[in-house]
Amino acid sequence: MQVSFHLLNTIENNLLKYAVICSFKEDKIVCVRHRARQSWEIPGGRREKDESIDACAVRELIEETGAEVFDIHPLCDYGVVMGEKQSYGRLYMAEIKAFGTLPDSEIAESVLLDHLPELLTYPEIQPKLLEKALEIIRKQVYNRENL
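Sequential numbering of the sequence shown, starting at 24, is according to my numbering.
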């Protein structure tokens with residue numbers, strides 16, 4: 024399995040099928056657990072028909088975390104190659120300021136952690152996505168401080 028990263032808007036919009044949102048609250052990482060699994064995930068999901076990738080990211084963040092007040096920003100596009108299959112998505116960062124009630128959906132719980140747990144649903148993908156998100160965030164903060 025290979026994960027590649029691309030500048031925003033360099034992958035054709037119609038090819039972006041997934042939105043993954045590296046979410047934080049007070050310097051903690053937000054992880055969620057699907058009802059059907061015991062493993063943990065970074066919030067995100069598949070884009071619905073006729074939905075923009077940005078709308079998908081907002082919808083998934085709310086559905087999977089219960090976030091009510093948040094700032095969300097696209098960071099980059101990414102690709103995943105598994106065998107013969109190639110898929111693309113967009114990576115986002117969200118700063119959650121307030122949580123509401125977790126919607127009654129496929130997510131059983133949402134937790135705040137210092138780092139990704141060992142038991143991940145997508146262990147070959149999600150650590151790389153978080154690492155890239157943190158790299159981009161650090162560069163943005165560093166560049167702002169040194170203007």
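All C-beta atoms, glycine included, are put in the ideal place defined by N, C-alpha and C.
- Assign Thr88 to buried or exposed, taking buried as 16 or more other Cβ atoms, counted over all protein chains shown, within 10 Å of its Cβ. buried
- Roughly how far, in whole angstroms, is the beta-carbon of Asp94 from the beta-carbon of Ile34, given that I think they are within contact range, below 8 Å? 23 Å between Cβ atoms; not a contact.
- Hey, Ile65 and Leu142: beta-carbon distance below 8 Å or not? no
- Task: For Tyr111, count neighbouring C-beta atoms within 10 Å of its own C-beta (all shown protein chains included) and say buried if the count is 16 or more, exposed if not.
- Result: buried
- Item | Whole-angstrom distance between Leu114 and Leu30, CA atom to CA atom | 10 Å
- Task: Would you check if there are 3 or more beta carbon pairs closer than 8 Å linking the region 149-164 to the region 118-126?
- Result: no
- Item | Cβ neighbour criterion (16 or more within 10 Å) applied to Glu83 | buried
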